[in-house]
Every structure is written in structure tokens, then in C-alpha cells.
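In this note's numbering, the protein residues as written are 147 to 438. Backbone N, C-alpha and C fix where the C-beta goes; we use that ideal spot for every residue, glycine too. Bear in mind the structure is a predicted one, so any value in this text is a computation, not a measurement. Input: a single structure, listed below in C-alpha cells.
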Ligand SMILES: C[S@@+](CC[C@H](N)C(=O)[O-])C[C@H]1O[C@@H](n2cnc3c(N)ncnc32)[C@H](O)[C@@H]1O
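Pasting the structure below:
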């Protein structure tokens, strides 16, 4: 629980809901450093967080730069670090951002307009084998090869609805998933590739663990099994190093931060929360505490 006088970090500010809760719970003296890659999110929060004065420090940066952000503030350690991975609702709802398969827009999918790679480039330039690899690995999509071939045959592909329609056509109707749109997995895969999402998380975790104060908590909400697996593996290593992330057995390195999981299974949203916020349906929360 955030406490008065503590220092906290929210690496995925989005609409500011969690950051606001941290600032409220740590009033009157707690401080929060927060970042988001999306300049629109930072602009909105700069005015919304004016009432918190110099308790809130906002940056348009990647959370993998947590160490630089702390350095800029002169902070040596943090009492709590939080990520709520993925996409914000305002970004998903804005057709021009290109994240939604149901609203027509350009193939963009970048969290930050400074990102040099767009979904348009990936969809229109990667060869079929590379596309299939991304869709299979990041989307866990069985029909990855058929979808990739259909994409290559249909070029140029310029809009989200065009991409969504051809993914639907590539998957046999009898195999369409029951609970999600047939293009969900392909869109997720392309978004992960555009934004290098898994790489950012892998860089962030060891940096975050070494910035945690003893007794401090690292909490992460993830939305798909690839992210959750990375967090789970990191949390189950005793003394954490980057090596434990690359599929190698956990390594005990003297002097490296030691963290301990707070619960072994991830927490999922309650039925009540699901009713209020159906987009939270695949959320998994994991948390760990630094013990030495
Ligand atoms: C699910 S939203 C966060 C919602 C937020 N917790 C709230 O209460 O409104 C995720 C946010 O993380 C941002 N994001 C994703 N990857 C990022 C990264 N590597 N660095 C900084 N921000 C990132 C996205 O732009 C998005 O705004």
C-alpha cells in the first residue's frame, strides 16, 4: 500500500487511473514519477494532475528508461513500481491510431509517434516467413502461415479494416474463435512487433528490481501469456539478473537484488470488476517484494 512520504513509479500512465490512486493513497507527502510513450496521454495528464503540484513528475519516455528517469529526479530508490501493460482505452478508441480492427483507420499501431516503425511498414514489407513467425509467436495464432500468405498476396494493405477482413478470410469459418474477433491475435502480434513490447519489458525488469528499496513492491498487470511468462520467470528467480530472462535457469548472483513473489498464481479481475470494465477480462496481476 502506498504510504505518505514514499516514492513511486508508474511506467504506463495511460489515462492516469492507477497513478491518481497512488498519489491519493500516499498523500500528503508521497511522490510519483510516471511515464508514457504516448504524448497525448502526457498532455492530458499535465493538466489533470495540476492539483498534485510537485508531487507528480511526468515524462514522455519508455518505462525501460526507469533508471534515467530516477537519475533525472535524483532518486536513488523507489518504494513501489507499477506497470499496466498494453494499450490505453483512448488509444484503442481513436481510429486514427490504427489499433482497432473494427474502426477503419491507417495501419499505424505506434504507442509513440517517434517510433520509426509502423504497422503499415511491417504488413507491406516483411516477407511471408517473417510475418508468419511474428503472428505465430506474438499472436499464438494457429493459422499464422495462411494469414501471412494472404497478407503478401493482398498488398498494398492500407487500412485496419482491409487487414481485418483478409485475416477473417484466411481463417476457415469453422475455426473462428468463439469469444474474440478472428483478427484479435494478428493485430496483437503486429502491435507487439511495432512497439518492441517484450524487449522493453525484459530491459525494464532487472532495472526496476535494482531500484526497489528493501521492502518495496514491484507490481505488473499483463494482458497476454507472453508478457505474463516473462514476469513470472523473472519473479521466480531468487537473485535476479538479465540472464534469468533468456530461458536460462535462474542464477544466484551475490549482491544482485533479491525479490520474493507475494502470491504464486496471478490475480485476475473479480466478476464485479469484469462487469464494470469488460476490457480487463484477460488481465493478470503479479507482484513481488524486494527482500534484500
Ligand atoms: C493499459 S494503459 C495504462 C492505463 C493506466 N494504468 C490507467 O489507469 O489509465 C498502457 C499505457 O502504457 C503505455 N505504454 C506501453 N508501453 C510503454 C512503454 N514501453 N513505455 C511507456 N509507456 C508505455 C501505452 O501508451 C498506454 O498508454
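Contact test: residue 226 Cβ vs ligand 1 heavy atom, cutoff 8 Å | no
Beta carbon of residue 302 nearer than 9 Å to that of residue 314 = Their beta carbons are not under 9 Å apart, which means residue 302 does not touch residue 314 by this criterion.
Rounded separation between residue 432 and residue 365 - CA only = C-alpha separation (whole angstroms): 6 Å.
Out of 304, 290 and 189, state which residue places its alpha-carbon closest to the alpha-carbon of residue 335.
-> Out of 304, 290 and 189, 290 has the C-alpha closest to the C-alpha of residue 335.
Same chain, Cβ closer than 8 Å to residue 300, neighbours up to 5 away in sequence not counted = 308 and 312
Going by C-alpha distance, which of 429, 323 and 168 is nearest residue 203?
-> 168
In the DSSP assignment, what residue or residues form a beta bridge with residue 365?
-> According to DSSP, residue 365 bridges with 228 and 433.
Run the CB neighbour count on residue 153, radius 10 Å, all protein chains shown included, and call it buried at 16 or more, exposed below.
-> buried
Residues near residue 213 in its chain [Cβ-Cβ closer than 7 Å; skip 5 each side] = So the qualifying residues of the chain are 353 and 357.
Return the residue from the list 261, 362, 178 and 325 that minimises the CA-CA distance to residue 338.
-> Looking at the Cα atoms, 261 is the closest of the given residues.
Mind checking whether residue 173 and residue 221 have CB atoms under 9 Å apart?
-> The answer is no: Cβ separation not under 9 Å.
How about residue 184 and residue 230: are their beta carbons less than 9 Å apart?
-> Going by beta carbons, residue 184 and residue 230 fall outside the 9 Å limit.
Could you give the residue range of the alpha helix (DSSP H) that holds residue 239?
-> From DSSP, the alpha helix (DSSP H) with residue 239 extends over 235 to 239.
Which residues mark the beginning and the end of the beta strand (DSSP E) in which residue 180 is found?
-> 177 to 181
Is residue 212 helix, strand or coil by DSSP?
-> helix
So, using beta-carbon positions, are residue 238 and residue 228 closer together than 9 Å?
-> no
Would the beta-carbon of residue 257 be found less than 8 Å away from any heavy atom of ligand 1?
-> yes
Distance between residue 158 and residue 194 (C-alpha atoms, nearest Å) = If you draw a straight line from the Cα of residue 194 to the Cα of residue 158, it comes to about 16 Å.
Does the Cβ of residue 255 have 16 or more other Cβ atoms within 10 Å, making it buried, or fewer, making it exposed?
-> buried
Given a threshold of 16 other Cβ atoms within 10 Å of its Cβ, counted over all protein chains shown, does residue 148 qualify as buried or as exposed?
-> buried
Which of the three DSSP states, helix, strand or coil, is assigned to residue 358?
-> Reduced to three states, the DSSP call for residue 358 is strand.
Bridge partners of residue 405, per DSSP?
-> 436, per the DSSP bridge assignment.
Pull up the DSSP beta-bridge partners for residue 187, would you.
-> In the DSSP output, where bridge partners are listed per residue, residue 187 has none listed.
When 188, 437, 265 and 424 are compared against residue 401, the one with the closest alpha-carbon = 437
Leaving out five residues on either side along the sequence, give the residues of the same chain with a beta carbon under 7 Å from the beta carbon of residue 270.
-> 301, 302 and 303
State yes or no: is the C-beta of residue 162 nearer than 8 Å to some heavy atom of ligand 1?
-> yes
In terms of alpha-carbon separation, which member of 171, 349 and 359 lies closest to residue 404?
-> 359
In the DSSP assignment, find the alpha helix (DSSP H) that holds residue 164 and state where it starts and stops.
-> 163 to 171
Over what stretch of residues does the beta strand (DSSP E) that includes residue 202 continue unbroken?
-> DSSP places residue 202 in the uninterrupted beta strand (DSSP E) bounded by 202 to 205.
Secondary structure at residue 272, three-state DSSP: helix, strand or coil?
-> coil
Inter-residue spacing [alpha-carbon to alpha-carbon] between residue 355 and residue 232 | 21 Å
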